[in-house]
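K.L.:
Residue numbering for the sequence shown follows UniProt numbering, beginning at 1 and increasing consecutively. All residues carry an ideal CB built from backbone N, CA and C; glycine is no exception.
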Amino acid sequence: MSSHDGNDPYRMRDPRTQYPQPPFPRQPQNAPGEVRRMDPMPDHGETSYRGAGKLPNRKALVTGADSGIGRAAAIAFAREGADVAIGFLPDEEADAREVARQIEAAGRKAVLLPGDVSDEAFCKTLVADAVRQLGGLDILVNNAGKQTAVKSITELTTEQFDATFRTNVYAMFWITKAALPHMPAGAAIINTTSIQAMQPSPTLLDYAPTKAAIMNFTKALAKQVAEKGIRVNAVAPGPFWTPLQPSGGQPQEKIEEFGGQTVFGRPGQPAELAGAYVFLASQEASFMTGEVIGATGGSTPF
Ligand code: NAD
Ligand code: MG
């Protein structure tokens with residue numbers, strides 16, 4: 001349950017005070033982070049997202065959908081009429097089950113697909129299982145991501161550099177390559193990039209370049225697969241309140257002030273991104289491909 005029960009997403013209100021503002025308590029946890037260890041609890045739209053039939057009977061695969069931004073997208077997709085396969089790491093099964101519960105409560109099919117996307121063989125299995133259990137694939141969201149802050153290049157190991165690129169960039173390549181042969185004209189691919197693609201933090205020397213690569217890959221692939229009638233776009237979040245951040249994505253002192261640098265003085269909540277994923281996945285975005293939708297709290301460079 002989120003702490004924002006009774007939220008009406010269509011009621012006009014001041015975006016600065018709509019959600020919690022820093023300071024936040026320090027809350028270290030191991031990666032991959034868990035939603036239930038977060039304080040305050042993030043809002044993924046559980047009690048607020050209202051579907052309008054925008055994705056009737058679509059079949060969607062969302063990686064990293066157990067928590068955070070992927071969870072918000074998965075819940076919204078289901079409420080818009082889609083069946084949703086969710087990718088996650090085996091350690092995240094409790095979070096994944098909660099998302100499955102939300103999808104099923106919307107009257108849609110949920111498929112749970114645990115595994116490590118930094119492994120090429122698993123990426124192929126992930127897509128094959130999603131296609132088989134959903135009966136096809138219309139929407140692919142490459143959203144799983146690894147972010148681990150390191151102060152200096154002298155402490156950044158080859159192992160971490162490699163793992164970040166495999167998880168954020170190679171997995172997108174492997175999953176997309178396996179998925180495309182199954183995707184019909186009208187299908188949509190959405191990749192999660194970041195403001196880091198354009199405004200990199202000094203502590204994210206491996207992560208920020210992966211997000212630049214994701215943005216660039218999105219634009220190149222969009223041109224390549226237009227001839228199949230498939231659209232490819234990206235969403236670029238600024239600071240969002242998800243388990244990625246307190247589980248090593250930021251040093252703990254940065255968690256205390258997280259999101260305070262935005263013009264609204266707070267981080268975004270995953271629920272505030274759901275509409276962007278739904279829009280790009282839906283036929284409403286029929287003339288959009290190779291585009292990047294920023295949701296950065298006032299500093300979009302895209
Ligand atoms: P999150 O921790 O809730 O989600 C990330 C998910 O990635 C995890 O739940 C996990 O299931 C998955 N994942 C990580 N490594 C994996 C692996 N090896 N195999 C399979 N799955 C793996 O955090 P989030 O912030 O919602 O992250 C979602 C995406 O948003 C990421 O790509 C992240 O880079 C991006 N992003 C987040 C922010 C932010 O401030 N939170 C800002 C910009 C971009
Ligand atoms: Mg998670």
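1. Considering Cα atoms alone, identify which of Arg231, Pro90, Phe258, Gln250 is closest to Pro114.
2. Excluding sequence positions up to five away, which residues of its chain have a Cβ less than 7 Å from the Cβ of Asn57?
3. To the nearest angstrom, how far is it from the Cα of Met215 to the Cα of Lys109?
4. Determine the closest residue to Ala212 out of Pro200, Leu221, Ala222, with distance taken between C-alpha atoms.
5. Provide the residue span of the beta strand (DSSP E) that contains Ala236, from first to last.
6. Measuring CB to CB, does Thr210 end up less than 9 Å from Leu126?
7. Contact defined as beta carbons within less than 8 Å: I believe Ala271 pairs with Ala72. What is the distance between those atoms, to the nearest angstrom?
8. Quick one: using the 10 Å Cβ neighbour count with 16 as the cut-off for buried, is Met198 buried or exposed?
9. Leaving aside the five residues before and after Ser3 along the sequence, list all residues of the same chain whose C-beta is less than 8 Å from its C-beta, in chain order.
10. What are the partner residues of Asn191, as DSSP defines its beta bridges?
11. Within a Cβ cutoff of 7 Å, which residues of the same chain sit near Gln196, ignoring the five residues on either side of it in sequence?
12. Is it buried or exposed for Lys177, if we count other Cβ within 10 angstroms and need 16 for buried?
13. Please work out which residues of its chain come closer than 6 Å, Cβ to Cβ, to residue 312, disregarding the five sequence neighbours upstream and downstream, and give them in chain order.
14. So the candidates are Phe161, Asp119, Ser194, Pro202; which of them puts its Cα closest to the Cα of Trp174?
15. Rounded to a whole number of angstroms, what is the C-alpha to C-alpha distance between Ala106 and Ile75?
16. Among the residues of its own chain, which have a CB less than 7 Å from the CB of Leu112, if the five just before and after it don't count?
17. Hey, Leu140 and Ile190: beta-carbon distance below 9 Å or not?
18. Would you mind giving the Cβ-Cβ distance between Pro239 and Phe217, rounded to the nearest angstrom? I have them listed as a contact below 8 Å.
19. Identify every residue that forms a DSSP beta bridge with Asp83.
20. Note down, in chain order, each residue of its chain lying with its Cβ closer than 7 Å to the Cβ of Tyr49, except the 5 sequence neighbours on either side.
21. In this structure, does DSSP put Leu114 in helix, strand or coil?
22. Answer with buried or exposed for Asn168, where buried requires no fewer than 16 other C-beta atoms within 10 angstroms of its C-beta.
23. On a Cα-Cα basis, can you pick out the residue from Val235, Ala52, Glu159, Ala295 that is closest to Asn142?
24. If we count the other Cβ atoms within 10 Å of its Cβ and call it buried at 16 or more, is Phe88 buried or exposed?
25. Confirm the yes/no value for this check: CB of Val35, any heavy atom of the ligand MG, distance under 8 Å.
26. Comparing the CB of Ile80 with every heavy atom of the ligand MG, is any distance shorter than 8 Å?
27. Would you report the Cα separation of Gln252 and Gln29, rounded to the nearest angstrom?
28. Among Gly186, Gly145, Thr17, Pro32, which residue has its Cα nearest to the Cα of Ser282?
29. So, helix, strand or coil for Gly68, using DSSP?
30. Applying the 10 Å Cβ sphere with the 16-neighbour rule, what's the burial state of Arg266?
P.N.:
This is what the structure holds:
1. The residue with the shortest Cα to Cα distance from Pro114 is Pro90.
2. If we look at Asn57 and ignore the five residues flanking it on each side, its Cβ neighbours are Gly81.
3. Met215 and Lys109 have their C-alpha atoms some 30 Å from each other.
4. Nearest C-alpha to Ala212: Pro200.
5. Where Ala236 is concerned, the enclosing beta strand (DSSP E) stretches over 231 to 237.
6. Cβ atoms of Thr210 and Leu126: not closer than 9 Å.
7. Rounded to the nearest angstrom, the Cβ distance from Ala271 to Ala72 is 5 Å, consistent with a contact under 8 Å.
8. Burial call: buried.
9. The predicted model places Ser3 with a pLDDT of 45, which falls under 50 and marks its position as unreliable, so this point remains unresolved.
10. Answer is Asn142, Ala234.
11. So the qualifying residues of the chain are Leu204, Tyr207, Ala208, Lys211.
12. By the neighbour-count rule (16 or more Cβ atoms within 10 Å), Lys177 is not buried but exposed.
13. No answer is possible for residue 312: it lies beyond the span of the chain, which begins at 1 and ends at 302.
14. The residue among Phe161, Asp119, Ser194, Pro202 with its C-alpha nearest the C-alpha of Trp174 is Asp119.
15. The straight-line gap separating the alpha-carbon atoms of Ala106 and Ile75 is approximately 8 Å.
16. Correct list, in chain order: Ile86, Ala96, Ala100.
17. Judged by beta-carbon spacing, Ile190 lies within the 9 Å limit of Leu140, meaning their Cβ atoms are closer than that value.
18. 23 Å between Cβ atoms; not a contact.
19. According to DSSP, which records beta bridges pairwise, Asp83 is partnered with Lys59.
20. So the list reads Pro9, Ile75, Ala76, Arg79, Ala271, Ala274, once near-sequence residues are dropped.
21. In the sequence as displayed, the identity of residue 114 is Pro instead of Leu. Of the three classes helix, strand and coil, the one that applies to Pro114 here is strand, per DSSP.
22. With 16 or more other CB atoms across the displayed protein chains lying within 10 angstroms of its CB, Asn168 is buried.
23. Ranking the options by Cα distance to Asn142, first place goes to Val235.
24. Phe88 sits buried, since 16 or more C-beta atoms from the chains shown fall within 10 Å of its C-beta.
25. Within the cutoff, so yes.
26. It should be noted that the sequence gives Glu, not Ile, for residue 80. No, the Cβ of Glu80 stays beyond 8 Å of every heavy atom of the ligand MG.
27. Looking at the two C-alpha atoms, the distance is approximately 10 Å.
28. Looking at the Cα atoms, Gly186 is the closest of the given residues.
29. Correct three-state label for Gly68: helix.
30. Label assigned to Arg266: buried.
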